[in-house]
Each structure stands twice: as C-alpha cells, then as structure tokens.
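In the UniProt record's numbering, the protein residues as written are 1 to 840.
Glycine is no exception: its CB is placed at the ideal position from the N, C-alpha and C atoms.
Bear in mind that the values here come from a model prediction, so they are computed numbers and not experimental data.
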C-alpha cells in the first residue's frame, strides 16, 4: 500500500525534470527536492504539480492520497468497493476520503489485508496502521505520537529529542515491537570507545611514573586517542547541548556539553600550544591536560543513558502486556455459514464470530449461542471465571475456558474496552502530577544557577586557590557542571506515575491522570450510588400491586410497554418480566426521561408516568392508598415505582437488586481505612435505609435527583471534606465530575466513565481501597525521589565546588562527578520501579 502515484500525463518511470519539488498530497507543507515518503503520513511524495491534480481528483470524489498500482495510472475502484482506515478498521464507507479519527487516507478494504500480509513477512505494519512496504522494520506506524517522559506537553508525530530537557521522545502508546535504536546506538558508541577511554585514563594516571613517553608526546597520544571518544561517542550530547542553548531551554545536556567541552578544549590548547600558558600550569614536564576527564565523562554518561533507557522501557511494561492480550485473528462466520480465520482488523460491527475453548475473545460483543466460563482476570483482576450464556456481554481479550460460543461483534478497534484501557493508562502515565510543578519550577532556574556557581568556582579557585590555581578552578568548575545534572529531579515524579498507573491497570484500577493519584490519598468521605455500585445492577422484577380498577398483570403490562424506551436496569427487569409472562406490549409514544426520578409517555392513547414518589409529586398524585404496601416492600430492600395512568394512581411495581457479594467486605475495608461512607440514591428512602442497615453505611439520602447528588458533593466540600463519588449511571455524571475524585464503575455507562477520574474495571468497591493504597504508595515514592534528587544536588554541588578542601584537602574529580550523575537518574528510576511489586 502507499505505492507510487503516477501523473496521467507522465510516462511510467520517466524521470522528473531537474529542480522538481516533491510534496505530499495530504500535507502540502512537506516539500523537498527529491522523491521519498511523507514523514507525517508516509504517503509517497509526488511532483508539486501532481499534488494539485490530485487535489482536483479529490474534489471529484477521488481522494488525493489514494493508493494506485505501480503498474497503472490511477483509476476508479470497482463499484461497491468499501473504503476503510488502516488505523481504525471500524471506519467504513463506500467512497474514498479521509479517516474522521486520524485523517489518514481511506483505502480499499483489500489493501488493508495486503498490508497485514506484509506484517507477517517482516514489514512492521503494527497493530494500529499500515506503512509503506519499503519501510524499515524499526519504523513506527504512521500516526504514532511521540512525547517526553518528563514533559508530556511535548507532542509530535516523529521521533526526536525534547526541546525542553533533551530527553529522547518515546511513543505515547508503546509499540508492539519496541524501537531500541537509540539504546543500540549508545551501546555501540560506548563499547567501541571504552578501550580508548581506559587507555587514556591509564596514561593520565600512570604514564609519568612508567616513563614510556616524553611528557609532550604523551599529551599528543592522549589527544589522538580522545578524539574518537569526544567527537564521535559524545557527539549526540553536544548536539543536544547546542539545541538547548539555541532554544533557550538550558538542561542537563547544557551542563554536560559545557563541562566536557571546557575540559577537552583546554587540553587541546595545552597540547597544541603549551606556550600560551604561564609556568604555573606546568606539572611533571608538561602543561596539565584533562583528556581523561573528558573521555571518562563521555563514557560514563553513555553508560548512564544505557541504564536509563533500559529502566525506562520497564515502566511501560504494563501497557505492553495489555497490548499483548489481544488476539491477532478471529474466526468469522460468513453469511453462507462457512467459517474462516481473518485478521482482527477485518472484523466489523455486526459480524458473527466463533470463540472455541481455549481461545481469546477477539472483540467486545454479545453471546448469541452457547454457554461457557470466561476468564476475565486479565482485565478485571477477578480470578474466578464468569459463566456466559446467550445475551451476556463479552470483553475482548478475555479467555474462553470451556464451552464454544458464537458472538456478535459490537465494538471493534479503538472502541473496545481493551483499547480504551490502553488509551486511559497511556494518558494517565503521560499526565503531569501537581507535585511535579514544584520540580519544574526548580529545574527551570536550576541550570542557570549551576552555570553561575561553576563560573564563581572557577574564579574563586583561580584568584584565591593554591597553585596551579587556575587548573584547580577549571577542574572544580567542570565537576560542578557535571554533578549538577537536573535529570534526577525531572524524572522523580513521572517515573513514579508511569509505574503506578501501569501496576494499577493490571489490578483493574484505571487512573485518568496523575492528579487523581495524588488526590485519592486525601479523600475522607465517599459518596456511593446504590444500583450498580453497591448492588449487582441487574435487578429482577419482584411483584406488582394494583390499585382498585386494575389487575397486577395490567399494571405490569402498561409499565413494561412504557419502559421499552428506557435503558435503565430497573426498566429492563420490568420489560423482561412482562415478556416472560407473554403479556402483549404496546409501542410507547412521546417518551421522556425524568432525570433519574422516572419516565413519562403515551401508551394506547393513555398518558403514563412511572417512577418514584418525587415523580408522583410532580404529577400531583396522592400515593397514600398504596403507602403501606410500598413501605413493606421497601423495608425488604426492594425498589418501588408507582404507575400513574391519565393522572390516577394505577399501582406500584417492586424490583429487587441483590447486593454484590463483594460489597460488605469493601465497606469494611473502606471503614477501616478511615473513610466516611454516604449513600445517595434515587430509590425510596426506606429501601435505601434497608440496604444501608445491612451494610453499616454511615449516612443515607434517598430519592435524590442528579442535581441533589451534585448539591450533596458541594455541601460536603464546603464543610472541608475531600470527597470521592462512586457511581455508574448517567444520573451520577454531574456529581462524578464535581467530586474531588470521581470513581466510575467499569460496568456502568460511558458517560459515567468519562466523568470520573478513576475507573474500576470490574465495578468492585474494593477497588477504591486499592486505588487509595496505590495513591499513598505512589506519593510516598514521589517524595522519596524528589528528596533524593534535592539532597543529592544539595550535597554534590558544594563538594564539587571544593568547600571541603580547606578541611580535608580532598577534591571531587570530574570523573567521579560523572559517575554520580549517571547513577542518580538510574537510582530514581529504580526506586520508582519498586512500585511494581507493591501490594495493591
């Protein structure tokens, strides 16, 4: 795919005229004087005039970026061709165009299959998007976004270095096959030049004692051996240092570049033109040189980068493991009953798929045939397989353990639960913790202060130090520049956040951002909804009580007819019960939802209202006739709904929703952690109190509307409480968004999950206790890392400047400073990685 486009007026293979400018039909800002592929979308560049022609084709229904065969001029695809996006296979249409999600050119469906075949032949197409067949295996998929681990606000569509700190950018979502090109490059530079570093260091330390060479000759030998180390092995560091100065963003590479180049340039001048130095610079027959300091700093910095790159790759292990859960193929049942194994990218919404025992569920969907136990532990953390039968939902990437299932695909590609979890974890890992703002402010001024200290050190030693004073000044200034690397300070919180969010995701706890991790530990009050949060959320119809003039079955039939327009679990229970009794349901009209208190509509020409007492009050109805029955049912823990027909009370319906088996233990754990638990539900107060009494909940609010839940959150916040709100429904969304920490049940609605800062994949309140412990452990880890970075620099800089020399006669060698600098970053990352083994 993405093969060459040929202009209809230009013969195939005919060379373009000299001076031709090539551009991308999709990204006209990309312009160069030779053929190639667009760095943004990997389309083949075409002569500038052809891009305009392609644009005209686009306006006539042919996408400018359509892929054409190399053996023919572009031509219209056959009638009935379906176009899809290589990155988002759920996007399908019957005409060319651009993907509404990633703006890639849509291609005929068969070309995506071709791309997939290339993947199996060694061409890194990737799970997300197709690339040119000529692309090297290490090239990332088109559309990959790169960001900086320390500065997540830096985002671009190609690899490079962070313009703020100089760190290597990495994909927001790790690639299935990791790109280790930089690690391999640094390893090659390190190992090829390490022998030269060792020889230079040996000569500097022992050459004058052995007397193998004249002093001046030894300086020249050290210079020649140092050149490859400094100019080749250290070249990437100097490039980053220059970029930091050019972009006015001083960082660790500014310090390393200044320190290393100062030592090296001084030594080169001392070797080539020793006469320019005063006699006080001469030691052991030559002007003192510090080639060994320059090469050792380069080698140790390379070693530090190698250790850091290896450690950083482990922080994204959780996302990589999640990406690895998805199967690569699915067994599709065709319309004629035949079956075939197809790539996952060829599965579309509505397809029927067979899942055999021992296979993974390919995408999200619903069981249509069969019964089996499905292991969902890889996503929910629940070790016990869940029985699935016709009508039950399946989550992609879970494991079918026993029986065979036939399922209908409902969500594919980026819409699946697994894809959303990966995206949420990636976003959380790249978000910036509030605690990091302090570190950023410090680091922003830090480099300038360090350079000033280094200059002050140089002149203080040169003017007031012992002979050779200026040599001492140079050495100590270089040591200050090297040891003060702010990398450890910058990595202190991002590494903790990355490891913690990855670890939490494997336990079924998803944090939306780093701020939620920091805030969760401060929560002292938890507001919980009842249905779907404390209870199963799968209520079952219990009984119907009729008012005079109606029968129980008529009350159930009318309520079920109206509830056909509702997606609420209580409504589903009523409709299911009516259908089981084979009651004839009528089609509702003028249906409207009462914002969490009930529904209204017209059935068979009669105006119906179904809901709690708050809705009946709005309707102006007196429910006292059935009050005793309602209170009795509520006392048994049932949810009671009143039915009004044409302004008269017709009866009531009771639906029971069993408490989750995990809820009592969850409440006990939350109480033990010091949380005050408040229930706020739209159910009647008596029902709510009955459930609360069983669970030992501290405070109960019944028959609350969405606005009432929001007001409750605000009231508790005004009283000085840090409030978390846990819910699963649309009516919980406002309170979830307003709470200090919104906790959404993963079994609930998309609106609720989009409103919360924390999502519990399996909808188990015990996850809140786990999330709180994760928060405590992560913030403690951040404090440790920040404390280590501040203490390290607070102690290291004065020692490097030589403050201990008057008392001990000892100075910190730049080589030792380089080793300490390299190990400091590795230490911070290692400490953050301890969170992977923390008990959640």
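Query, Result
"Decide if the region 543–556 is in contact with the region 700–712; the criterion is three or more beta carbon pairs, one per stretch, under 8 Å apart.", "no"
"Report back the beta-carbon spacing between residue 203 and residue 228 to the nearest angstrom; my notes put them in contact at under 8 Å.", "Actually they do not touch by this definition, with Cβ atoms about 15 Å apart."
"Within the region 546–618, note down every full alpha helix (DSSP H) run reaching 4 residues or more, in order along the chain.", "552–563, 569–580"
"Report, in whole angstroms, the separation of the C-beta atoms of residue 534 and residue 695, which I expect to be a contact under 8 Å.", "7 Å"
"Going by C-alpha distance, which of 328, 692, 636, 189 is nearest residue 305?", "189"
"Residue 341: buried (16+ other C-beta within 10 angstroms of its C-beta) or exposed?", "exposed"
"Three-state secondary structure (DSSP) at residue 462?", "helix"
"Could you tell me which residues DSSP pairs with residue 333 in its beta bridges?", "339, 352"
"What residue range is occupied by the uninterrupted alpha helix (DSSP H) comprising residue 512?", "Where residue 512 is concerned, there is no enclosing alpha helix (DSSP H), given that its DSSP letter is neither H nor E."
"Along the alpha helix (DSSP H) that carries residue 694, what are the first and last residues, could you check?", "685–695"
"Taking Cβ to Cβ, would you say residue 743 is nearer than 8 Å to residue 758?", "yes"
"For residue 401, which residues of its own chain have a beta-carbon under 6 Å away from its beta-carbon, when the five flanking residues on both sides are left out?", "373, 375, 385"
"Skipping 5 residues on each side, what residues in its chain have a beta carbon closer than 6 Å to that of residue 614?", "597, 703"
"Indicate the three-state DSSP secondary structure (helix, strand or coil) for residue 180 in the structure shown.", "coil"
"Between 210, 295, 212, 287, which has its C-alpha nearest residue 224's C-alpha?", "295"
"Tell me whether residue 287 sits in a helix, a strand or coil according to DSSP, three-state version.", "strand"
"To which residues of the same chain is residue 272 closer than 7 Å at the C-beta, ignoring the five residues directly before and after it?", "none"
"Taking only the alpha-carbon atoms, compute the straight-line gap between residue 583 and residue 573 and give it to the nearest angstrom.", "14 Å"
"Return the chain-ordered list of same chain residues with a C-beta closer than 7 Å to the C-beta of residue 408, the five sequence neighbours on each side being excluded.", "350, 352, 365, 366, 368"
"By the 10 Å Cβ neighbour count, where 16 or more other Cβ atoms means buried, how is residue 388 classified, buried or exposed?", "buried"
"Within 10 Å of its beta-carbon, does residue 275 have 16 or more other beta-carbons around it, so buried, or fewer, so exposed?", "exposed"
"Identify whether residue 640 lies in helix, strand or coil by the three-state DSSP scheme.", "strand"
"Is residue 299 closer than 8 Å to residue 231 when the C-beta atoms are compared?", "no"
"Taking the alpha-carbon of residue 334 as reference, which of 325, 23, 348 has the nearest alpha-carbon?", "348"
"Among the candidates 651, 688, 798, 782, whose CA atom is the shortest distance from the CA of residue 624?", "651"
"Taking the alpha carbon of residue 566 as the point to measure from, which residue in 611, 292, 172 has its own alpha carbon closest?", "611"
"Output needed for residue 666: all residues of its chain with C-beta closer than 6 Å, excluding positions within five of it in sequence on either side, in chain order.", "765, 766"
"Leaving out the 5 sequence neighbours to the left and right, which residues in its chain are closer than 7 Å to residue 476 when beta-carbon positions are compared?", "457, 461, 800, 801, 802, 811"
"Could you tell me if residue 828 is buried or exposed, where buried requires 16 or more neighbouring beta carbons within 10 angstroms of its beta carbon?", "buried"
"Considering only the beta carbon of each residue, do residue 395 and residue 412 sit closer than 8 Å?", "no"
"Where does residue 47 sit, in a helix, a strand or coil, going by DSSP?", "strand"
"Quick one: give me the first and last residue of the beta strand (DSSP E) that residue 245 is part of.", "Unbroken run through residue 245 is the alpha helix (DSSP H), 235–246; no beta strand (DSSP E)."
"Starting from the C-beta of residue 656, find all residues in its chain whose C-beta is less than 7 Å away, skip the five residues before and the five after it, and write them out in chain order.", "539, 540, 542, 637, 638"
"Given residue 270, which residues of its chain have a CB within under 6 Å of its CB, disregarding the five upstream and five downstream residues?", "287, 289"
"Put residue 346 into one of helix, strand or coil per three-state DSSP.", "helix"
"If we count Cβ pairs, one from each stretch, closer than 8 Å, do we get three or more for the region 231–249 versus the region 157–165?", "yes"
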